[in-house]
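Step one of this worksheet: look at the structure below.
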Amino acid sequence: MKLLVIYFAVLLGCLGLATVGSKSFLATSCWCWSSNQGVVALKKQPPPSQEYVSFGSYGSEVDWNNPERVIPLGYEQAQGKRIFYEQCVWCHADSTPAGPSNRSNVTPTPPLMNDGTIFNAESDAALRKMIALGGRETGKSAMMPPYGKSLSTEDIGDLIAYMRVIAAPEYHKPASRKFKWKWGGKSS
Ligand code: HEC
362 MKLLVIYFAV LLGCLGLATV GSKSFLATSC WCWSSNQGVV ALKKQPPPSQ
412 EYVSFGSYGS EVDWNNPERV IPLGYEQAQG KRIFYEQCVW CHADSTPAGP
462 SNRSNVTPTP PLMNDGTIFN AESDAALRKM IALGGRETGK SAMMPPYGKS
512 LSTEDIGDLI AYMRVIAAPE YHKPASRKFK WKWGGKSS
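Just so you know, the working numbering puts 445 at position 84 of the sequence shown, and the rest follows in order with no gaps.
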């Protein structure tokens, strides 16, 4: 019986100490949850993200003309997107991850990379030539740089895949072309 009384006394004492302690200097030296945890957690929150998200994340692209539409990208298209935002965005888009683009300062004004009214009419081969050789070698403006030395054949294929999937109006692969290749016909 005596032992039980002592036990409860000690227990009560501990509880009392804990209550007082949590509001006193003891709290600061306590290893446990501190009373101002919430404030500390708030202070440690990371700064607002500077990441560029307006064109969607890796593996998808937001339609440049319709922010509500997200275009899923396959592997090649996603690689093309990466290269586009590294190399071409400065001239072939109006805004870039680093702010406004240079497009409005370039003469002639480079077409937007999603401009289907221009690119849909051009074959993959013609685009490939343009990107590899640049404007000077293809009878267009020398403002379009040649990328044949800095990008691989694969890179350029990825870029074209990306251009095709973001095109507005939508790009449709010409059916006649496949026919020609299949039967060994000459392509122009
Ligand atoms: C320094 C600015 C600049 C950069 C960077 C640039 N281009 Fe261009 N590009 C131009 C200009 C200017 C034209 C228009 C040439 C003309 O119409 O005479 C053009 C035209 C093109 C065309 C042909 C358009 C047509 O009318 O057929 C393609 C394709 C193209 N660029 C792809 C690319 C790709 C892909 C990249 C990145 C690897 C790139 N460009 C980077 C300036 C640039």
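Beta carbons are placed, not taken as given, at the ideal position from N, Cα and C, and that holds for glycine.
Bear in mind the structure is a predicted one, so any value in this text is a computation, not a measurement.
Coarse secondary structure for Thr-468, derived from DSSP in three states: In the structure shown, Thr-468 sits in coil (DSSP, three-state: anything other than H, G, I, E or B).
With respect to 8 Å, is the separation between the Cβ of Pro-535 and the closest non-hydrogen atom of ligand 1 below this value? For ligand 1, not one heavy atom lies less than 8 Å from the Cβ of Pro-535.
For Phe-498, report the span of its alpha helix (DSSP H) as first-last. Here residue 498 is Glu; the residue named in the question, Phe, does not match the sequence. Taken as a continuous stretch (DSSP letters only), the alpha helix (DSSP H) holding Glu-498 covers 485-498.
Can you list, in chain order, every residue whose CB sits closer than 6 Å to a heavy atom of ligand 1? That gives Gln-448, Cys-449, Trp-451, Cys-452, His-453, Val-467, Pro-469, Pro-471, Pro-472, Ile-479, Glu-483, Leu-488, Met-491, Ile-492, Gly-496, Lys-501, Ser-502, Met-504, Met-505, Pro-506, Tyr-508 and Leu-520.
Alpha-carbon spacing of Val-467 relative to Asp-455, whole angstroms: Going by the C-alpha atoms only, they are around 12 Å apart.
Tell me whether the beta-carbon of Leu-434 lies closer than 9 Å to the beta-carbon of Glu-447. Taking 9 Å as the Cβ cut-off, Leu-434 and Glu-447 do not qualify as a contacting pair.
Where does Gly-374 fall in DSSP's three states? Note: Gly-374 maps to helix in three-state DSSP.
Start-to-end residues for the alpha helix (DSSP H) that takes in Glu-515: Start and end: 514-527.
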